[in-house]
Amino acid sequence: MKLRILEGMESLGHYLLRDRIALLGQPSLAQTPALSQPAGAPLEVFEGQDVRTGISVVVFKPMPGTPPELHISATLPWTQAEGSAWVNEVPVGAVQASWLAGRVEPARLLHWTRQLLEAIHTCQAQKVPVGWIMPELVWARGSKVWLAGVGVPAPEQAWDYAGLLHTLRALAGDAYPALPWREPLEAFLTGGMEYAALLERLEAITPEPAPVPLDPSASEPPQETNPAQPGPAEPPVQEAAPPPPVSKSLKVQIGQEEPTPAEPIPAPKRIRIEESLNPPFEVIEPPGQPRGGRRAWWMLWILAGLVFILAGGYYLLRPQPTQPPAPSGYVVEFRLQPPGPKASIEVLEVPEGSKIPLNTVLAEVPGQVRFDVGGIYRIRVRVQGRAPVDSIISVPNPAGVNINLR
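Here it is, written out as structure tokens:
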């Protein structure tokens, strides 16, 4: 993956236009007859940045006049008109949905579909045109989605339902034919179903209720095991209670039997058989071997065995040195071409499960940068004296990332 920081980008006032993301047809001139562009000129859409705040913007030009004031959810607001252009402001951390095409899970795509349908239905009720819908004009962050260019008319249609169907199909990728809401969605977008009926179908097909039955079943085993734990624990408590009285009765019996051993004062008659330990004959021992030599050897063997056992036990039970935990995550190599000044990497959006703080400098490159979990990250590259650049990277990335300065 390569990031290019280009000098001499096109600018529009205090907006820096980085990339042209779409080339639309001729805009409608019904409300703006003073358009300075020649007839048939295309409508260009740029992804840019406000150099004052660093916020990403979407610029439509040429679009004379003033943009409409929108208060519709799931739509990008218009900030102002700059010359012959309209400017949409992008929420912090949002990325183009086209970058995620084919990698959106069905549950999240269902949330996006509901939001886009509700936004277009509201625009239709308020007579606000939505002439262009495509993946490049849809911006997403987590479970939220926004549509750019709301209010820009098109000569062919006021509401681009065909573009919405194409956009959702592109975002779903290979999973689109298996989507459970594909048929009602296509029926609505082709005019074969009402909006209210579509909402009912989407509520009925929603995948959230699927994991709900798993909660009771997952909680039943603990309920069965929990009563089983106190069950066997109660009998020991009941059995442990009787021993105190038994011990007391034993003490009483012992106290009663104390005088009985004192009664038999005369000792019983005993027969004692004494046997001399010395043999009746003289024992001749070999010279040089004392009598206790064999016993001393046995003692030495026993002591050696005890020492061996103690040494083995100490070796097994000795405290193990604590080793620092191995660093987890994924390392991505960032390279700067040509080598020279250093660049800083900021993280704007992280995948689910990541604990990397947002909008802070993660590392300086060139060098290795560690990411805690795999997934899609949106980063910002800053080089002194150059405009910052946002990009999307996928982790893990064995090939690394090249940052080319031009």
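Under the working numbering, the first residue of the sequence shown is numbered 624, with each subsequent residue one higher. Cβ atoms here follow ideal geometry from the backbone N, Cα and C, with glycine treated the same way.
Query: Contiguous alpha helix (DSSP H) assignments of at least 4 residues, all confined to the stretch 714-752; Result: 729-748
Query: Coarse secondary structure for Ala-986, derived from DSSP in three states; Result: strand
Query: Given 8 Å, three or more beta-carbon pairs between the stretch 732-743 and the stretch 788-799; Result: yes
Query: Backbone secondary structure at Asp-642 - three-state DSSP; Result: strand
Query: Bridge partners - Trp-701, DSSP secondary structure assignment; Result: Asn-711
Query: contact_flag[the stretch 637-644, the stretch 971-979] where n(CB pairs < 8 Å) is 3 or more; Result: no
Query: Sufficient close CB pairs (3 or more, under 8 Å) joining the stretch 668-687 to the stretch 696-711; Result: yes
Query: Outcome for Glu-831 when other beta-carbon atoms lying within 10 angstroms are tallied against a minimum of 16; Result: Its pLDDT being 48, under 50, Glu-831 is placed unreliably by the model, and nothing is read from it.
Query: Euclidean distance between Cα positions of Ala-1010 and Ile-828; Result: 46 Å
Query: Beta-ladder partner(s) of Arg-764, from DSSP; Result: Lys-767
Query: In DSSP terms, what Ser-967 is bridged to; Result: Glu-987 and Arg-1005
Query: Selection from Glu-728, Leu-740, Val-668 and Gly-774 that minimises the alpha carbon distance to Ser-693; Result: Note on identity: in this sequence residue 693 is Leu, with Ser being the wrong assignment. Taking only the C-alpha atoms, the option nearest Leu-693 is Gly-774.
Query: Local conformation of Arg-824 per DSSP, three classes; Result: helix
Query: Distance CB(Arg-1003)-CB(Glu-969) smaller than 7 Å; Result: yes
Query: Ala-781 - DSSP class collapsed to helix/strand/coil; Result: coil
Query: Candidates Trp-769, Leu-646, Gln-672 and Glu-667: closest to Ser-634 by CA position; Result: Gln-672
Query: Beta-carbon gap between Ala-777 and Trp-755 smaller than 7 Å; Result: yes
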